[in-house]
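In what follows, a single structure is set out as C-alpha cells and then discussed.
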Amino acid sequence: MIPGSSLAADLCLEGLRGATLAEVDAAAALQHRVDRKYLVPVDRARRLIAALAGSHHVLDLGGRRTTSYLSTYFDTPELGAWRAHVQGRRRRWKVRTRLYAEDGLCRVEVKTKDGRGATVKHALTVLAAEYGELTAEAAGFVDDALGRAGVPVRAGGLSATAEVRYVRAALADLDRGSRVTLDGTLSCHGDGRTATLDHGHVLIETKGGPRPAPADRLLLGMGVRPVSLSKYVVGQSLLTPGLPDNDVRRLARAHFTTAADPAPLPERIPAA
C-alpha cells in the first residue's frame, strides 16, 4: 500500500487545521447517519478540501493525517450481504472486522439500515490479534446487532469472503457535526484476485443528517454526482466469478483494474 503521507500530500492536507480524535468523536461520532458517496478525481478532491478549510478540521493523530485501514468482510455462502445491497433490499447489512493499522486498534462492526434508509453502525473493540476472525464474543455481538435490526442472519453462518485496504483522511465540521472522509490507494482482495482503484481518483463519503451537507453542495457545483458504491460490493462484483452483472460492476469497471492476487486472503492478514 502506498504510504498515507502520499495521500496527505496529494490532497494538500497540511493547509487544514487539525483536530484530535476526541474532538472529532465528540462533535461527529455519527453512528446513525446518512452516507453519500462520490468517486472524484484527485484535483477536484483538492478543490473540495480547499473550499472546506474554513469550516472543517482534519483528524490529526500526533502529526499523522491519514490512517491505513484493513477490513475483512464476512458473508453467507450465498453472499447474502452482497445480494441484499445489489438488489436494494430494505434490510441491508454488513459484518466486518476493521484494523486501524498504525494504531493497532481493531473493531468488529455491524452496519444496517433503519426504516428511513439511514445507516446504523454498531462497533465492538477487540484485540488486534483477532482481526480477520469472529471470536465467541464477537459472534454474540454480531448476533445481537443483526437480531435487533430484524436481519435473519447469524454469525455462525458467516465466513471471511473479502478484504479491503485503503488509506483514509477524515475531515469534520466541529460546529455542525458532519464528516467527510477521503479514501485513496483502495484495493479489494478475494477469490485469488485483486481489484484496485486507479490512483487518479479517491472515494469521498459525506456522513451527516438527511439534508445535504456543504461538501455535498460543493461537489454538486463541480459536476460530481453521488454514486451507490460499497467497497465490499465492488470487490465481490469484480472478483467473484459467476455473479450476475449489475450497476455497481459497470461503474467499477471504469475506475478499477483487476489482476491475479499473489497471496490468498488469510496470508495477507497481518500478525499481531
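For the sequence shown, this note's numbering assigns the number 610 to the initial residue and increments by one for each residue that follows. Note that the Cβ used here is the ideal one computed from N, Cα and C, for glycine as well.
Asked	Found
From L630, W691, G624, Y647, residue whose alpha carbon lies closest to that of A769	W691
Neighbourhood of V776 by C-beta, 6 Å cutoff - its chain only, sequence neighbours within 5 removed	G613, L616, T675, S677, G793, T794
Residue interval of the beta strand (DSSP E) (run including V760)	Segment: none, V760 is in no beta strand (DSSP E) and carries neither H nor E.
R701 to L688 span [Cα, whole Å]	12 Å
Rounded straight-line distance, which links the Cα of L620 to that of R716	27 Å
Beta strand (DSSP E) segments (min. 3 residues) lying fully within the segment 711-777	714-722, 728-735
Proximity of V695 and V719 at Cβ, strictly below 8 Å	no
CA-to-CA distance, R834 to P875, given in whole angstroms	Annotation note: pLDDT 49 at P875 (below 50); position unreliable, coordinate value reported separately. If I take the Cα positions, the gap works out to 36 Å.
Close beta carbons around T746, own chain, < 8 Å, minus the five adjacent residues each side	In the sequence on display, residue 746 carries Glu and not Thr. Within the same chain, E746 has close Cβ partners L733, V735.
Beta-carbon proximity of L838 to L648, cut-off 8 Å	yes
Simplified DSSP state of R653, which is helix, strand or coil	helix
For A781, the residue or residues it bridges with in DSSP	H666, R788
Per-residue burial, D782 [other beta carbons within 10 Å of its own, 16 or more giving buried]	buried
T681 versus L829: straight-line alpha-carbon distance, rounded	32 Å
Helix, strand or coil at S888 [DSSP, three-state]	The chain is shown from 610 up to 881; residue 888 falls before or after that span and cannot be answered.
Distance between G741 and T849 (C-alpha atoms, nearest Å)	19 Å
Nearest-angstrom Cβ-Cβ length linking R802 and D870, presumed shorter than 8 Å	5 Å
Between the CA atoms of A861 and A758 - distance to the nearest angstrom	29 Å
DSSP bridge partner residues for W691 (one or two, in chain order)	None, per the DSSP bridge assignment.
Separation of Q845 from R699, as counted between CA atoms	20 Å
Strand pairing of G799, partner residues [DSSP]	R802
Span of the beta strand (DSSP E) around L812	810-817
Residues of its chain near N855, where Cβ-Cβ distance is below 8 Å and the 5 sequence neighbours each way are ignored	V695, S846
Contacting residues, own chain, Cβ-Cβ under 8 Å from V643 (five flanking each side not counted)	G726, A727, T728, K816, G817, G818, P819
Enclosing beta strand (DSSP E) for D856 [first to last residue]	Where D856 is concerned, there is no enclosing beta strand (DSSP E), although the alpha helix (DSSP H) it sits in stretches over 856-862.
D800 vs H864 beta-carbon contact at 8 Å	no
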